[in-house]
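**Q**
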Amino acid sequence: MEVRVADAKTRAALEQDGSLRCLLKIKYKHRDRHSIPAIAWAKRKADEVSRGLLKGAGLEAETDGLTVSVNMVTLGEYHHSSFICYDVFLGKCTSESREKIDRSTRQPIYMILKRGGVFIAHRAPRMDDVIAGRYENVQEKDKGPRPYFRDSENPPTYIIPTGERVEAPWRNGAETNLEGESDDDGKENEDSEEDDGRADE
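Rendered as structure tokens:
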């Protein structure tokens with residue numbers, strides 16, 4: 001998977017701080033939209049893209065101690081882009097810094113989206129407040145463990161005051177096939193930053 005680092009700020013954050021809060025824009029084409037398979041898919045994609053990101057920055061996942069922590073998964077409406085918000089940590093990032101970042105809803109956002117068959121990573125300042133606000137909004141309702149999960153087609157409900165997310169039981173072996181596509185990523189070559197947060201509205 002090719003990931004191109006498009007600006008010096010992204011590269012510097014990896015090399016100097018050893019951490020990034022990423023917002024990955026990607027299409028989810030599985031029929032089963034339950035949180036269990038969707039979160040498993042999101043974790044797999046976040047890991048794959050992060051490994052490509054490090055390679056694009058001249059780093060190595062194994063030698064640089066890559067760990068990925070998924071914070072929030074938002075499925076877009078049918079055939080619309082979904083969003084995975086997650087933190088990337090390298091070995092140079094101290095445990096104290098990791099804990100601080102993990103507890104924080106407000107961090108600089110680094111957008112990753114697909115153009116021309118290649119994922120592009122870049123600093124996206126205008127998304128900082130947007131993502132922080134949505135993160136905080138979900139956190140007020142969902143008191144369960146992360147990653148938080150949202151489905152634009154089937155908005156979740158919560159038990160008050162426990163904040164437990166309510167879903168129908170997941171049936172193992174339910175329809176999880178792709179919608180006639182060989183790739184989860186889809187043809188996102190025409191992506192623009194105009195709709196970066198569309199699935200979170």
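At position 49 of the sequence shown the residue is numbered 49 (full-length UniProt numbering), and the sequence of numbers has no breaks. We put the beta carbon where it would ideally sit given N, CA and C, even for glycine.
(1) Are three or more beta carbon pairs between the region 37-54 and the region 124-133 nearer than 8 angstroms?
(2) In the DSSP assignment, find the alpha helix (DSSP H) that holds ASN137 and state where it starts and stops.
(3) Counting along the chain, where does the alpha helix (DSSP H) carrying LYS114 start and finish?
(4) Measure the C-alpha to C-alpha separation of VAL102 and GLY18 and round it to an integer number of angstroms.
(5) Could you check the C-alpha separation between TYR135 and GLU96 for me, to the nearest Å?
(6) Could you check where the beta strand (DSSP E) with THR157 kicks off and where it finishes?
(7) Evaluate the contact criterion for the region 58-67 versus the region 22-38: three or more CB pairs, one atom per stretch, below 8 angstroms.
(8) Compare the C-alpha of GLY144 against each of VAL88, ILE131, GLU164 and name the closest.
(9) Less than 9 angstroms separating the beta-carbons of ALA13 and TYR110?
(10) Grab me the residues of ILE36's own chain with a C-beta within less than 8 angstroms of its C-beta, minus the 5 sequence neighbours each way, in chain order.
(11) With C-beta atoms as the reference, is ALA38 less than 9 angstroms away from TYR28?
(12) Would you call the CB atoms of residue 283 and TYR158 closer than 9 angstroms?
(13) For ILE84, collect the residues of the same chain with a Cβ closer than 6 angstroms to its Cβ; drop the 5 residues on either side in sequence, then sort them by chain order.
(14) Put ASP64 into one of helix, strand or coil per three-state DSSP.
(15) Report yes if the C-beta distance between GLU167 and PRO156 is below 9 angstroms; otherwise report no.
(16) CB-CB under 6 angstroms to VAL5, same chain, minus the five flanking residues each way: which ones, in chain order?
(17) Counting only the same chain and skipping the five closest in sequence on each side, list residues whose C-beta sits under 6 angstroms from that of CYS93.
(18) How long is the line joining the alpha carbons of VAL88 and GLU99, rounded to whole angstroms?
(19) How big is the Cα-Cα spacing for THR162 and VAL118?
(20) Tell me, which residues are paired with TYR86 by DSSP?
**A** Quick answer:
(1) no
(2) 128-141
(3) Run containing LYS114: none in the alpha helix (DSSP H); it sits in the beta strand (DSSP E), 109-115.
(4) Reading off the sequence shown, one finds Asp at residue 102, where the question assumed Val. Whole-angstrom Cα-Cα distance: 14 angstroms.
(5) 22 angstroms
(6) 157-159
(7) no
(8) GLU164
(9) yes
(10) TRP170
(11) yes
(12) Any answer about residue 283 is impossible in this case: the structure gives the chain only from 1 up to 201.
(13) LEU24, ALA42, ALA46, VAL73
(14) coil
(15) yes
(16) ARG11, GLY56, ALA57, ALA121
(17) GLY18, SER19
(18) 13 angstroms
(19) 42 angstroms
(20) CYS22, VAL70
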